[in-house]
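Have a look at the structure below, then the notes.
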Amino acid sequence: MSSMASSRLDSLLEPISQVLATSFSLSHLPAYFGTVLLSAIGFHVVESFSGPISSYLFPRTYSSLQRGARKSWDLHVVSLVHALIIIPLALRAKLNQSPELEGDKAFGWDPALGDVFGISTGYFAWDSVQSCIAFTDFGFVAHAILCFMIYANIYHPFLAYYGATFLLWELSTPFLDFHWFLDKFGMTGGNLQLVNGIILITTFFGVRIIYGGYNSIDVFYTMQSIRDQIPFTLYVIFGIGNVLLNVLNWFWFSKMIRALLKRFPKQVNGGIK
Numbered sequence: 065m066s067s068m069a070s071s072r073l074d075s076l077l078e079p080i081s082q083v084l085a086t087s088f089s090l091s092h093l094p095a096y097f098g099t100v101l102l103s104a105i106g107f108h109v110v111e112s113f114s115g116p117i118s119s120y121l122f123p124r125t126y127s128s129l130q131r132g133a134r135k136s137w138d139l140h141v142v143s144l145v146h147a148l149i150i151i152p153l154a155l156r157a158k159l160n161q162s163p164e165l166e167g168d169k170a171f172g173w174d175p176a177l178g179d180v181f182g183i184s185t186g187y188f189a190w191d192s193v194q195s196c197i198a199f200t201d202f203g204f205v206a207h208a209i210l211c212f213m214i215y216a217n218i219y220h221p222f223l224a225y226y227g228a229t230f231l232l233w234e235l236s237t238p239f240l241d242f243h244w245f246l247d248k249f250g251m252t253g254g255n256l257q258l259v260n261g262i263i264l265i266t267t268f269f270g271v272r273i274i275y276g277g278y279n280s281i282d283v284f285y286t287m288q289s290i291r292d293q294i295p296f297t298l299y300v301i302f303g304i305g306n307v308l309l310n311v312l313n314w315f316w317f318s319k320m321i322r323a324l325l326k327r328f329p330k331q332v333n334g335g336i337k
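Numbering (my numbering), first residue to last: 65 to 337.
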């Protein structure tokens, strides 16, 4: 987008972003509201084009799916696109953590990360709406809404230091999406799905259970150290959200283990043959 077009968009959105910033004490939101909005619209466009493109690339597979399964296919496509965009951005952010964030885990802010958080905030806003519409699983709805609330409130600013850290949870997402797609391509129970499943479980356990659990504890230590300096609503959003998201991770991890053991009992117990 050209600087002129960006300036015009910012001018159009400024009244809305200022109202939101004032109403919810999100002082850094106006500068990145355009990114949030364009991200949500962009992921909606990806979903809209997923059907026609998938029908062209995989006519037999996609056309054989029921309406609900096609919707799930499109949602997995968007999930995969978001993960492939945000993972390298989050990795770069972690490898180049700014002194401002290092020096203040609670209230520090790095302008370079505003757009990165904006992409995911827009995605989680879109995901919240779509999860409520589809409503296939309460856990998915809760995950989408909690992630949206947390990343929107980073613009307070609050806990931006951890923003890129928890976006690295998305490292497991591509393998989860691949696992689902392999089912639809009739490759359930094959060695490719087994290998992908092992990578999925290993990655999920590493980035969400171990790395995520460690940093979640650090979040609570940080919040406790400044608990008298933040409104109760922020404490609730980040505190309860942190707990529930970790509970969901453990719940999903146990389901993955059970699914792998059920589908590949011989391979898991005796090695790939």
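All C-beta atoms, glycine included, are put in the ideal place defined by N, C-alpha and C. Keep in mind it's a predicted model, so treat the numbers as computed, not measured.
Sequence-distant residues of the same chain with beta carbon closer than 8 Å to residue i, five excluded per side
i                 : result
proline 221       : Ser91, His92, Phe171, Gly172, Trp173
isoleucine 262    : Leu324
glycine 303       : Phe284, Met287
glutamate 164     : Gly172, Trp173, Asp174
serine 89         : His220, Pro295
glycine 168       : Just to set this straight, residue 168 is aspartate in the shown sequence, not glycine. Cβ within range, chain order: Tyr225.
glycine 254       : Leu246
phenylalanine 315 : Gly203
Environment of residue i [buried if 16+ CB atoms lie within 10 Å]
i                 : result
isoleucine 336    : The pLDDT assigned to isoleucine 336 is 47, lower than 50, so where the model puts this residue is not dependable, and the model offers no usable value.
aspartate 138     : buried
tyrosine 285      : exposed
proline 54        : A query on residue 54 cannot be resolved here, the shown segment of the chain reaching from 65 to 337 and no further.
phenylalanine 113 : exposed
glutamate 166     : exposed
phenylalanine 199 : exposed
leucine 148       : exposed
threonine 252     : exposed
alanine 224       : buried
glycine 250       : exposed
glycine 132       : exposed
valine 83         : exposed
leucine 76        : exposed
leucine 256       : exposed
serine 87         : exposed
glutamine 293     : exposed
valine 307        : exposed
phenylalanine 202 : exposed
leucine 121       : exposed
phenylalanine 204 : buried
lysine 326        : exposed
Beta-carbon proximity list for residue i, same chain, < 7 Å, skipping 5 on both sides
i                 : result
phenylalanine 188 : Ala208, Cys211, Phe212, Tyr215
serine 192        : Ala208, Ile209, Phe212
serine 143        : Thr237, Asp241
threonine 229     : Lys158, Asn279
glycine 182       : Tyr96, Thr99, Val100, Ser103
asparagine 260    : Phe239, Phe242, His243, Leu246
threonine 267     : Leu235, Ser236, Phe239
glycine 115       : Arg134, Asp138
leucine 177       : Ala157, Ala224, Gly227, Ala228
serine 67         : Since pLDDT at serine 67 reaches only 46, below the 50 mark, its modelled position is unreliable, and the value read off the structure follows with that caveat. Closer than 7 Å at the Cβ level, and outside the excluded window around serine 67, lies no residue.
serine 81         : Leu93, Pro94, Phe97
arginine 291      : Tyr299
Same chain only: Cβ atoms within 6 Å of residue i, ignoring 5 sequence neighbours per side
i              : result
valine 145     : Val110
glycine 305    : Leu210, Ile214
tyrosine 126   : Ser118, Ser119
isoleucine 265 : Met320
arginine 134   : none
asparagine 310 : Ser280
valine 141     : Ser114
methionine 65  : For methionine 65, the predicted structure reports a pLDDT of 47, less than 50, and the residue's modelled location is therefore unreliable. A value from the coordinates is still provided. Nothing meets the Cβ criterion.
serine 405     : Outside the modelled stretch of the chain, which goes from 65 to 337, sits residue 405, for which no answer is possible.
Check: residue i C-beta below 6 Å from any heavy atom of the ligand FAD
i            : result
tyrosine 187 : Absence of the ligand FAD is noted for the structure shown, with no ligands found whatsoever.
Whole-angstrom C-beta distance between residue j and residue i, which should lie under 8 Å
i                 : j              : result
glycine 276       : asparagine 313 : 6 Å
phenylalanine 107 : tryptophan 190 : 5 Å
leucine 129       : lysine 248     : 7 Å
phenylalanine 317 : isoleucine 274 : That belief does not hold up - the Cβ atoms of phenylalanine 317 and isoleucine 274 are roughly 11 Å apart, past 8 Å.
alanine 85        : proline 94     : 5 Å
valine 180        : alanine 154    : 7 Å
serine 184        : isoleucine 150 : 6 Å
Does the count of Cβ pairs from the region 287-300 and the region 315-330 closer than 8 Å reach three? no
Which residue spans inside the region 162-238 form an unbroken beta strand (DSSP E) run of at least 3? none
So within the region 241-308, which uninterrupted beta strand (DSSP E) runs reach at least 3 residues, ignoring any that extend past its ends? none
For the region 90-163, which segments carrying the alpha helix (DSSP H) assignment without a break, of at least 4 residues, lie completely within its bounds, in sequence order? 97-121, 123-127, 131-159
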